[in-house]
Amino acid sequence: MITLVVVLSLCIEIFGFNLAFFTSSFYPDTGSYLVDGSDPASVGELYVDAENNAFEITGLDASVKSIHFSPVLQDAAASAATDGTVQVVMYLQDEGNANYYALPAVTVDPDRAASSYISLEPAGNCHAIRVTFTNLDSIGPLVIDDISLNAHVPFDFDARRLAGILVILALLAALRPQSVLYATMVDLRQDRQKAVIAGLVAVQIAAVFLLVLSNSHYTSMTFTPAVENQFQYQKLAEALAEGHLYLNDVPSDALMAMDNPYDTNARIAQGVPYLWDHAYYEGRYYVYFGVLPCLVFFLPYYLATGAHFATWLAVALCTAVYAAGLAYLLRKACIRWFPRTSLGAFIVLDVMLFVAGGGLILCRTPSMYFLPEAMGLACVSWGLALWVRGTSCGTIERRFVVPGSLLIACTLACRPQMVLCAVFGLLLFWPFLRDARRSPGGSKRIVREFLIALAPFIAVGVLVCLYNFLRFGSPLDFGANYNLTTNDMTHRGFHVERIPFGLYAYLFQPPNLGSQFPFLNQTYMDPAYQGVTIYEPMFGGYFFLYPMTLVLLAIPLAKRGLQEKGLFVPVLVAIAMAVVLCIFDLQGAGILMRYICDFGIYFALAAAAVFLELLQVRTERPLTEGWTTNLMGGQHAASFDRGTSVRTVSVYRLTLYFLYISLVVMAVVAVLLWDAFGMY
34 MITLVVVLSL CIEIFGFNLA FFTSSFYPDT GSYLVDGSDP ASVGELYVDA
84 ENNAFEITGL DASVKSIHFS PVLQDAAASA ATDGTVQVVM YLQDEGNANY
134 YALPAVTVDP DRAASSYISL EPAGNCHAIR VTFTNLDSIG PLVIDDISLN
184 AHVPFDFDAR RLAGILVILA LLAALRPQSV LYATMVDLRQ DRQKAVIAGL
234 VAVQIAAVFL LVLSNSHYTS MTFTPAVENQ FQYQKLAEAL AEGHLYLNDV
284 PSDALMAMDN PYDTNARIAQ GVPYLWDHAY YEGRYYVYFG VLPCLVFFLP
334 YYLATGAHFA TWLAVALCTA VYAAGLAYLL RKACIRWFPR TSLGAFIVLD
384 VMLFVAGGGL ILCRTPSMYF LPEAMGLACV SWGLALWVRG TSCGTIERRF
434 VVPGSLLIAC TLACRPQMVL CAVFGLLLFW PFLRDARRSP GGSKRIVREF
484 LIALAPFIAV GVLVCLYNFL RFGSPLDFGA NYNLTTNDMT HRGFHVERIP
534 FGLYAYLFQP PNLGSQFPFL NQTYMDPAYQ GVTIYEPMFG GYFFLYPMTL
584 VLLAIPLAKR GLQEKGLFVP VLVAIAMAVV LCIFDLQGAG ILMRYICDFG
634 IYFALAAAAV FLELLQVRTE RPLTEGWTTN LMGGQHAASF DRGTSVRTVS
684 VYRLTLYFLY ISLVVMAVVA VLLWDAFGMY
């Protein structure tokens with residue numbers, strides 16, 4: 034199997050990613066031609082900008098299979114405010130068309146040489162080519178060099194890409210349904226298994242940093258007016274260091290003179306200078322994002338060094354902590370409720386929780402906007418894990434429960450809506466409150482423990498309310514409505530009519546598939562709601578992007594086992610929480626890809642519980658072609674007639690195959706989404 038994985042990986046790298054190297058070897062010579070009326074050798078570099086945005090190749094009468102040119106960005110600030118890619122539309126004249134006709138738009142990335150070799154399919158011999166650059170008004174001017182036709186594409190052996198292919202194929206091979214990993218129960222008393230789990234977490238953390246570092250747009254971002262909104266935590270650190278809660282930026286007189294400064298169209302019509310995505314309130318600018326990331330990273334670093342902490346690094350650190358927290362939570366859940374969980378199921382579900390819980394989205398766009406969510410998810414994962422650990426031994430253990438409560442409470446200071454997960458605390462403590470009534474003095478003791486666990490919420494809540502009151506005059510006003518953004522959020526309101534389309538777009542909208550890599554296109558938004566609907570690029574509903582969570586449809590099969598463990602209600606509550614958070618986000622802000630991080634983790638946790646119940650190991654033999662697992666009956670088995678014989682296939686086997694198939698699909702979708710999602 035190892036040899037097969039290595040050979041297949043090499044074939045994909047050599048013959049798949051380098052297919053153009055082999056096909057371009059047979060391209061014919063095009064003979065002489067002119068570039069903007071001159072010999073290509075004498076043209077040198079061409080300069081194009083928003084006004085003069087094209088060059089032309091003429092004097093042709095040849096079979097043209099491809100065109101190559103090297104674009105070089107000239108405006109670093111403008112390109113930094115975008116993804117830095119060049120949008121190109123080409124026009125051809127050929128034997129079938131005397132006049133120019135347009136080809137589909139293509140994207141050229143100056144940092145990816147392979148994208149600058151563009152295949153062409155003219156009708157017969159090509160006579161002329163006009164190359165236009167359509168987004169120079171946003172990315173700035175270009176210098177075009179090395180223009181050629183039918184060029185031989187160089188061989189590009191990428192060791193990092195090969196390593197990625199090897200890792201993916203090796204994991205898929207190791208986690209196939211027939212793997213012995215599914216017949217090996219998790220037992221962390223074994224040093225080998227401890228090493229496996231530790232290695233899994235280490236790989237996840239390393240992957241987080243590698244993925245974050247791959248986004249040079251954010252890791253190299255420097256402060257400019259075009260991206261000032263990305264540096265709000267740095268500016269807040271300066272303000273806090275000076276002893277005030279408002280930013281040092283002074284609003285323009287025109288903004289302060291407006292009757293309604295939150296009216297976006299009025300600001301634009303009047304040409305009013307303002308700071309994008311900053312909260313404006315009574316003549317001051319504020320940061321409406323949670324203050325905790327600033328207190329943890331930016332303020333201490335600024336006080337210690339006088340320099341500013343990098344936002345991307347804060348996102349990476351929080352996401353890494355989130356990944357480790359999910360593994361710890363899964364481990365404690367298995368010990369408490371699912372002791373016969375296989376090592377294979379543990380590994381797959383740990384990956385599922387991270388991916389379906391928004392982990393890859395955080396890595397893809399390590400910007401200021403994603404930092405509160407990354408820190409909130411880190412607090413949620415560890416807080417829930419400590420709560421599970423602290424209520425597992427028949428008593429409430431303060432040393433785990435109180436830190437867990439503190440972490441959950443801290444979500445108020447980074448992503449307030451995430452504090453809703455405190456509901457799980459009530460579900461975990463309820464059995465103690467219920468049983469305490471049966472023992473003398475038990476109720477007082479349990480109530481005391483409950484109040485101690487509640488203390489961090491009171492303390493953090495008071496501090497957050499005070500922070501809000503000092504800024505906006507109300508303890509419950511977090512300031513998000515004062516954001517100077519695309520719409521007047523002070524009048525946004527709650528409208529029931531928004532909900533149906535919002536839930537459809539967030540959860541159920543099919544992806545918009547295309548014929549060009551990455552094959553995922555932005556979905557078409559057609560709300561019937563006759564009001565303002567704010568949305569950013571989406572690529573499909575949650576259940577299409579993360580198909581492993583569709584196991585929630587099998588809740589009826591797992592109901593009895595979940596009820597016996599006291600988990601049936603928590604699973605339903607997790608699903609309900611996800612829907613509530615989804616509605617909260619679509620009402621409060623709109624339909625944005627990053628808000629999947631708010632609610633996705635709860636769908637993923639509910640799905641993990643269903644998987645764990647259906648995949649409890651009931652044999653020590655690996656799944657083979659001839660093994661039908663006739664070990665369970667009733668609701669745990671399904672029968673299929675085959676002629677005169679009846680073959681019983683266990684729900685375990687069906688669930689295991691669904692787990693693997695959906696893992697493969699989710700991995701493919703994640704790769705495509707990574708390229709399609711890009712950056713905002």
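Residue numbers (our numbering): 34 to 713.
Beta carbons are placed, not taken as given, at the ideal position from N, Cα and C, and that holds for glycine.
CA nearest to the CA of residue i, picked from the options
i: Ile162; options: Asp69, Leu404, Gly49 and Lys598; result: Asp69
i: Leu136; options: Gln126, Asp144, Ala299 and Pro143; result: Gln126
i: Glu78; options: Gly117, Asp179 and His101; result: Asp179
i: Cys351; options: Arg369, Pro399 and Asp310; result: Pro399
i: Pro10; options: Pro533, Tyr575 and Asn514; result: Since the first residue of the chain shown is 34 and the last is 713, residue 10 is not available in this structure.
i: Ser99; options: Tyr60, Val421, Val121 and Thr115; result: Tyr60
i: Ile198; options: Phe50, Asp170, Arg145 and Leu278; result: Phe50
i: Ala389; options: Thr115, Met626 and Ala337; result: Met626
i: His277; options: Ala302, Leu705 and Lys268; result: Lys268
i: Tyr314; options: Trp463, Cys412, Arg145 and Thr523; result: Thr523
i: Leu362; options: Ala609, Val260, Ile380 and Gln555; result: Ile380
i: Leu376; options: Arg364, Val643 and Phe55; result: Arg364
i: Leu517; options: Ala411, Met291 and Leu696; result: Met291
i: Ile634; options: Val384, His341, Pro258 and Tyr279; result: Val384
i: Gln211; options: Trp370, Leu689, Ile368 and Val260; result: Leu689
i: Tyr215; options: Pro155, Phe644 and Asp708; result: Phe644
i: Leu246; options: Met581, Leu393, Pro258 and Gly64; result: Leu393
i: Pro258; options: Val213, Pro306 and Ala611; result: Pro306
i: Asp286; options: Val176, Arg300 and Asp108; result: Arg300
i: Leu553; options: Phe505, Asp510 and Phe710; result: Phe710
Contact belief for residue i with residue j at Cβ below 8 angstroms, rounded distance in angstroms
i: Asp282; j: Leu244; result: Not really, about 33 angstroms apart at Cβ, beyond 8 angstroms.
i: Trp345; j: Tyr251; result: 5 angstroms
i: Val97; j: Phe88; result: So it is not a contact: roughly 15 angstroms between Cβ atoms.
i: Ile172; j: Leu106; result: 6 angstroms
i: Pro436; j: Leu460; result: No, Pro436 and Leu460 are not in contact; Cβ-Cβ is about 19 angstroms, not under 8 angstroms.
i: Leu325; j: Cys447; result: 4 angstroms
i: Val495; j: Leu445; result: Wrong, their Cβ atoms sit about 10 angstroms apart, outside the cutoff.
i: Gln555; j: Phe572; result: 7 angstroms
Opposing strand residues paired with residue i [DSSP bridges]
i: Val105; result: Val176
i: Tyr568; result: Ile624
i: Asn85; result: DSSP output for Asn85 lists no bridge partner at all.
i: Gln649; result: Thr374
i: Thr165; result: Ala87 and Val122
i: Tyr80; result: Val176
i: Leu546; result: Leu553
i: Cys159; result: Ala95 and Asp127
i: Val413; result: Note: Val413 sits in no beta bridge, so no partner.
i: Val68; result: Ser71 and Ile90
i: Ser181; result: His101
i: Val139; result: Val121
Residue i: first and last residue of the uninterrupted beta strand (DSSP E) it sits in
i: Asp127; result: Val119 to Asp127
i: Arg145; result: Here Arg145 belongs to no beta strand (DSSP E), and DSSP marks it neither H nor E.
i: Val97; result: Counting along the chain, Val97 falls outside any beta strand (DSSP E), and DSSP gives it neither H nor E.
i: Tyr150; result: Tyr150 to Ser152
Residue range of the alpha helix (DSSP H) that includes residue i
i: Ala135; result: No alpha helix (DSSP H) contains Ala135, which is instead part of the beta strand (DSSP E) from Asn130 to Ala135.
i: Tyr693; result: Val684 to Phe710
i: Ile429; result: Taken as a continuous stretch (DSSP letters only), Ile429 belongs to no alpha helix (DSSP H), as it is neither H nor E.
i: Lys598; result: Element bounds for Lys598: n/a, residue is neither H nor E.
i: Phe33; result: A question about residue 33 goes unanswered here, because the residues of the chain that appear run from 34 up to 713.
i: Tyr575; result: Tyr575 to Leu578
i: Arg531; result: Arg531 to Leu536
i: Leu586; result: Taken as a continuous stretch (DSSP letters only), Leu586 belongs to no alpha helix (DSSP H), as it is neither H nor E.
i: Thr56; result: Leu52 to Thr56
i: Arg397; result: Gly392 to Arg397
i: Thr36; result: Ile35 to Cys44
Exercise for the section: Let me know the alpha helix (DSSP H) ranges lying completely inside the region 447-520, each 4 residues or longer, listed in chain order. Expected result: Here the runs fully enclosed are 456-469 and 475-505.
Handout entry: Length at least 3, wholly inside the region 269-348: the beta strand (DSSP E) runs in chain order
Key = 312-314 and 317-319, all fully within the region 269-348.
Handout entry: Start-end ranges of the beta strand (DSSP E) lying completely within the region 190-254, minimum 3 residues
Key = List check, beta strand (DSSP E) in window: nothing returned.
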